[in-house]
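Worksheet: one structure, shown below.
Residue numbers (this note's numbering): 252 to 466.
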């Protein structure tokens with residue numbers, strides 16, 4: 252019986268998580284090609300998802316990446332950060348070998364913030380993106396203290412906007428579109444832009460604050 256690959260995709264407003272499993276061991280398999288189908292108007296654009304873990308013989312350096320038909324994924328899941336809110340995507344997985352089994356395409360999924368039941372979920376990008384942040388600091392010759400200060404003072408607006416993600420835009424947007432009252436519960440508020448926006452609401456703001464980092 253031919254090996255089949257089952258693949259599923261789960262999305263939120265920021266990323267797409269893809270997981271797959273073959274029905275049996277695939278002899279000679281070197282890994283998996285992951286493809287992304289992205290709707291562009293009335294057409295579909297097929298893109299090869301890039302892998303950041305290469306083969307030892309290629310002597311990969313930190314930050315290197317190649318298409319997964321060159322550096323196949325030697326794992327069974329991947330979080331696709333190249334899909335953004337509003338994108339409509341689907342995925343397909345193919346075993347990389349002389350004649351590899353491939354999955355069917357997943358169903359189409361839209362990256363959206365709607366979590367159902369009247370709730371929405373937005374994400375920022377924390378500093379735990381250690382490799383990305385480490386490369387940024389090295390490129391700009393920043394010490395940890397200087398890096399933290401640059402974020403607090405809008406030293407690099409583009410990088411700050413990347414870290415804020417859709418969450419930062421939405422929170423400021425809520426303050427701008429607030430009606431008679433705005434109710435909020437925030438943890439570790441320390442963002443000057445958001446603080447200014449909240450202060451501007453005056454008595455219309457009802458705010459609960461918590462902070463576990465300051466003693």
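The C-beta atom is built at its ideal place from N, Cα and C for all residues, glycine as well.
For residue 409, there is no enclosing beta strand (DSSP E); the residue is part of the alpha helix (DSSP H) that begins and ends at 408-427. Pairing residue 360 with residue 258 gives a Cβ-Cβ distance that is not under 8 Å.
Excluding residues up to 5 positions away in sequence, 435 lie with their Cβ nearer than 6 Å to the Cβ of residue 458 in the same chain.
If you draw a straight line from the Cα of residue 324 to the Cα of residue 294, it is about 27 Å long. Taken atom to atom, the span from the alpha-carbon of residue 384 to that of residue 378 is near 7 Å.
About 7 Å separates the beta carbons of residue 446 and residue 440, which is inside the 8 Å limit, making them a contact pair. Here the C-alpha atom of residue 352 lies approximately 42 Å from the C-alpha atom of residue 409.
No residue range can be given for residue 311, since it is assigned to no alpha helix (DSSP H) and is classified by DSSP as neither H nor E. Residue range 443-450 is occupied by the alpha helix (DSSP H) that includes residue 446.
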